[in-house]
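Mapping of the sequence shown onto full-length UniProt numbering: position 323 corresponds to residue 323, and the numbering continues sequentially without gaps.
C-beta atoms are modelled at their ideal positions from N, C-alpha and C, and glycine is treated no differently.
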Amino acid sequence: MSALVVSVCSPVRRRSRQRSRDPYIERLQAGSKLPSRDRRGGERRWRLTSRHAALTRRAASIRGGRVLMASIEIRQFGCRSDNFGVLVHDKDTGTTIAIDAPEEQPILDALEATGWTLTHILTTHHHGDHVEANEALKARFQVEIIGPAKERDRIPGIDRTASGGDTLDVGGIRVEAIDTPGHTLGEVSYYMPDAKALFAADALFSLGCGRLFEGDAAMMWDSLQRLRALPDDTMLYCGHEYTATNARCAIDIDPQNLALQERVKEVEHLRVEGKPTLPVSLGREKKTNPFLRADDPELKAAMGMEDAQPAEVFAAIRKKRDGY
């Protein structure tokens with residue numbers, strides 16, 4: 001399976017702005033199925049393009065009072081049926097971080113393809129499709145596993161904990177932990193300011209957010225506001241490829257949003273071509289993701305909820321998305 005290697009500041013290709021609805025959007029609203037997955041080795045895996053070149057960006061960081069340039073590369077690939085696997089590599093230090101460990105073999109394949117050696121795993125939450133390979137990878141590479149303090153007893157192989165507000169030194173890479181409960185009660189997202197990258201796992205998806213398995217709407221809305229406060233040029237990496245379904249729901253809720261119309265069309269093109277819809281800039285998500293806009297007067301008006309509190313609007317959006 002081919003992988004995607006992107007620059008930490010890789011721009012999202014902008015397509016021409018749509019002035020009105022078009023057939024691509026109508027197809028998504030109609031629930032058309034897109035050829036985004038295949039079977040390989042008896043297991044369903046979505047395809048990634050091999051046409052993306054490996055790019056690097058020199059990201060400035062300050063260590064010991066000196067400004068250093070750390071070459072950071074982020075490699076994204078498919079795991080399981082629709083999970084993303086992600087590796088973050090610092091060329092200067094040799095540090096290689098896996099963001100969650102959904103499945104061992106795709107991670108090993110990505111490491112072999114790059115020649116990197118895994119040193120750390122940043123675990124976002126306890127669900128099995130995010131921690132399945134923790135112990136196998138720890139046995140193979142003696143990695144350090146860092147995970148949410150509130151879920152310490154549910155994270156296999158955990159060595160160190162992280163709580164919201166913590167700034168971690170992970171093999172020389174600065175990582176800020178952000179509490180994002182809702183999907184689970186202890187989920188933590190990780191922000192790397194020097195790389196301008198956010199790893200939100202199942203808290204925030206492109207055009208969507210995680211199901212409320214353990215938390216409630218008010219809790220998740222608070223979590224997403226913390227993520228929304230990050231800079232617009234932050235690149236968002238998520239735990240799953242759910243964007244096409246999220247897009248159908250989003251455009252039903254907010255059909256006159258021109259930025260959303262543009263993103264919906266882009267998403268369909270990417271999935272038809274077997275390409276991932278991520279990463280995406282947080283700035284685009286702030287304009288298009290209804291779950292980040294529950295306090296937006298225009299969205300509230302579109303939903304007929306002008307006088308509702310943001311948490312109530314969020315709950316209504318979540319209920320609608322659960323039906324897709």
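Residues sharing a beta bridge with residue i, DSSP
| i | result |
| --- | --- |
| Val280 | Leu236 |
| Asn83 | Cys79 and His240 |
| Thr167 | Glu176 |
| Val88 | Ile74 and Ile97 |
| Pro148 | Ala162 |
Cα-Cα separation between residue i and residue j, rounded to whole angstroms
| i | j | result |
| --- | --- | --- |
| Ala201 | Ile251 | 23 angstroms |
| Glu104 | Glu306 | 48 angstroms |
| Asn257 | Val313 | 17 angstroms |
| Asp153 | Gly215 | 18 angstroms |
| Ala217 | Leu230 | 21 angstroms |
| Gly165 | Ile178 | 6 angstroms |
| Lys319 | Asn134 | 33 angstroms |
| Thr114 | Thr123 | 22 angstroms |
| His183 | Ala316 | 16 angstroms |
| Thr243 | Gly323 | 15 angstroms |
| Thr117 | Arg321 | 39 angstroms |
| His125 | Val88 | 18 angstroms |
| Met219 | Cys209 | 12 angstroms |
Secondary structure of residue i, DSSP reduced to three states
| i | result |
| --- | --- |
| Ile251 | helix |
| Pro290 | helix |
| Ala217 | helix |
| Pro297 | helix |
| Arg160 | strand |
| His120 | strand |
| Ser206 | coil |
| Ala200 | strand |
| Arg321 | helix |
| Val143 | coil |
Cβ-based burial, residue i [other Cβ within 10 Å; buried from 16]
| i | result |
| --- | --- |
| Ser206 | buried |
| Thr234 | buried |
| Ala98 | buried |
| Ala203 | buried |
| Ser189 | buried |
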